[in-house]
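J.: Residue numbers (this note's numbering): 8 to 340. Sharing a structure below in structure tokens format, with a few things to ask.
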Amino acid sequence: DYELNLEDQYYVEPQIYDYFTFRENGDGTVELTAFDKEKALSTDIVIPATVSQNESGQWTEGDTYKVTAIANGSYSSGVFYNSGITSIELPATLETIGSYAFNSCSGLTGELDFSNCTSLTSIGDSAFYACSELTGELDLTNCTSLTSIGEMAFHSCSGLEVLALGENLTSIGDYAFWVCSGFKGVLNLTNCTSLTSIGDYAFEGCSGLTSITLPSSLTSIGSFAFSGCSGLTGELDFSNCTSLISIGSYAFNSCSGLTELDFSNCTSLISIGSYAFNSCSNLERIVFPNTTGWYRTRSSTDTSGTNMTMSNPKQNATWLTGDYRDYYFKRNA
């Protein structure tokens with residue numbers, strides 16, 4: 008007689024992740040190190056939160072190891088480099104996305120969903136470089152552990168339209184959003200209360216931005232940071248930026264729609280780089296926080312120069328966009 012065994016009846020063979028390669032970290036976690044597009048049954052990829060290994064050493068569905076990282080790569084060897092994937096689902100366990108992880112995944116379409124990534128701490132250099140078909144909103148507000156966005160992380164993601172960043176972000180790397188020309192409207196960073204630096208070229212060529220609001224924690228704006236943001240119009244008010252110390256060379260180069268800059272509350276400001284407001288042809292007024300103690304110099308390292316009194320906003324604009332645009336304006340703290 009046959010005795011029905013319910014466990015046998017409902018047993019399902021664990022899924023085998025033969026298209027993924029994982030590396031054990033020795034602490035119950037693993038890092039995703041490779042993806043084999045030839046073995047994957049679909050271009051819509053789901054990275055599991057946990058995995059196990061069977062007796063044959065194959066990675067399978069299970070809960071033995073927690074998947075916490077996508078490994079670092081190089082320009083032509085990122086985990087998903089040029090893999091043809093069309094969508095990616097990231098696990099809630101993920102803590103780091105390595106450099107070049109999704110480099111040149113031009114087939115990725117739609118929005119990237121980071122809503123479950125509350126443990127994510129860093130997005131590496133060039134992680135989503137040239138993912139030009141991504142669209143819609145890049146919403147990182149649920150990534151409450153995220154502290155850094157690496158250099159060129161979203162470089163040339165020209166299809167993205169809206170950017171929202173998390174409150175604990177401390178740095179935006181060089182070229183991070185370079186030529187993300189699809190961004191539209193307001194870039195509001197006021198909720199990024201830990202953000203201290205915006206890297207060189209970070210938002211260069213984001214011509215669709217119409218206004219920027221910066222957080223009070225910001226201490227430095229890098230060279231070329233907002234260069235070519237020709238859609239910025241009207242007054243740029245850094246009224247929250249009481250901690251701002253430096254504005255890099257060419258930081259607002261060719262922001263031709265700006266008409267006024269008000270730095271009156273930026274009482275910590277002591278350095279403005281050469282050509283910071285080059286080709287800001289409609290800029291009529293620049294209000295300085297401290298009108299005395301300033302000097303102009305040809306060198307970024309000089310500690311003295313020609314003394315300048317910055318009390319006339321209209322004259323200030325003429326100097327920084329015209330007569331002395333190639334000078335550094337500095338103030339001894």
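In this text, a Cβ means the ideal position worked out from N, Cα and C, and glycines have one as well.
By the three-class DSSP mapping on this structure, what secondary structure does A76 have?
T.: strand
J.: What's the gap between the Cα of S237 and the Cα of Y257?
T.: 13 Å
J.: Could you name the residues that DSSP lists as bridge partners for W301?
T.: M315, R338
J.: Chain C beta carbons: is any one of them nearer than 8 Å to that of E31?
T.: The structure shown contains no chain C; it is built from a single protein chain.
J.: Do S126 and L101 have their beta-carbon atoms positioned less than 8 Å apart in this structure?
T.: yes
J.: Mind checking S133: buried by the 16 CB within 10 Å criterion, or exposed?
T.: buried
J.: Does DSSP put G117 in a helix, a strand or coil?
T.: strand
J.: Using the Cα positions of V53 and G80, report the straight-line distance between them to the nearest angstrom.
T.: 20 Å
J.: Leaving out five residues before and five after L167 in sequence, what residues of the same chain have Cβ atoms less than 6 Å from its Cβ?
T.: Closer than 6 Å at the Cβ level, and outside the excluded window around L167, lie L141, L145, C187, G189.
J.: Taking the alpha carbon of Y26 as the point to measure from, which residue in S288, L48, A324 has its own alpha carbon closest?
T.: L48
J.: Who are the near neighbours of G157 in its chain, counting only those whose CB is closer than 8 Å to its CB and skipping five residues on each side?
T.: S106, S129, I130, G131, D132, S133, A134, G180, A183
J.: Along the chain, where does the alpha helix (DSSP H) containing A324 start, and where does it finish?
T.: 320–325
J.: Compute the beta-carbon to beta-carbon distance between L290 and L265, rounded to the nearest angstrom, for a pair I have assumed lies under 8 Å.
T.: L290 to L265, Cβ: 5 Å. Contact.
J.: Thinking just about the alpha-carbon of each residue, which of I277, Y331, N339, V193 is nearest to the one in S286?
T.: Y331
J.: For the beta strand (DSSP E) containing D146, list its first residue and its last residue.
T.: 143–146
J.: Counting only the same chain and skipping the five closest in sequence on each side, list residues whose C-beta sits under 8 Å from that of S218.
T.: G192, V193, L194, L239, T240, G241, L243
J.: Which class does T328 belong to by DSSP, given the choice of helix, strand or coil?
T.: helix
J.: Could you pull out every residue in the same chain whose Cβ sits closer than 7 Å to the Cβ of S139, ignoring the five residues on either side in sequence?
T.: S113, S163, C164, S165, G166
J.: The beta strand (DSSP E) with I52 in it runs from where to where?
T.: 51–53
J.: May I have the straight-line CA-CA distance separating C213 from C262, to the nearest angstrom?
T.: 10 Å
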